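Working notes for the structure below.
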Amino acid sequence: MKDSGWPNMQKLITTAEKGILILIAIFTVYSVCSEMYKVMSTGQITLTDLLLMFIYAEVLGMVAAFYKHNRIPITIPVFIAITALCRLIILQGKGISTVDLIYESGAVLLLAIAALVLRWNPSMAAAKDAPPLED
């Protein structure tokens, strides 16, 4: 017996996914505007502000990649994680313990190696034979 509700469930999940991604894009643009306002009102920009703006740009790029290809390449979240960890290290400044710095730097290195492996072997990043999501 074939389950007749499955196509409707797939459509519901796909619609919810696209709606959530639209919300993510809207919230990201709002956050960019808030950050720009903060920078303009203080009259100074720091490296952490630039890294935060870069994270926002990567999030918007991830949403755009989904709408263009109907999937999110795994390398984009890896790059976002690398940028976020670098921002964390900078925010902590000189007060960070040596052990924490080693762990966080090791995490950046591990993520960079993962991104490199994914670039060398694209078949690991995404299934090219996978059918795109249906509208």
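Start counting the sequence shown at 0; every next residue gets the next number (numbering that gives the first Met the number 0). Note that the Cβ used here is the ideal one computed from N, Cα and C, for glycine as well. Everything numeric in this text was worked out from a predicted model, so none of it was measured.
Check	Outcome
Gly18, enclosing alpha helix (DSSP H) - first and last residue	5-41
Ile79 and Val58 closer than 8 Å at C-beta	yes
Three CB pairs or more closer than 8 Å across the segment 65-74 and the segment 84-101	no
Three-state secondary structure assigned by DSSP to Thr45	coil
CA nearest to the CA of Val116, picked from Val77, Ser40, Ile19	Val77
Segment limits, alpha helix (DSSP H) that includes Arg86	74-91
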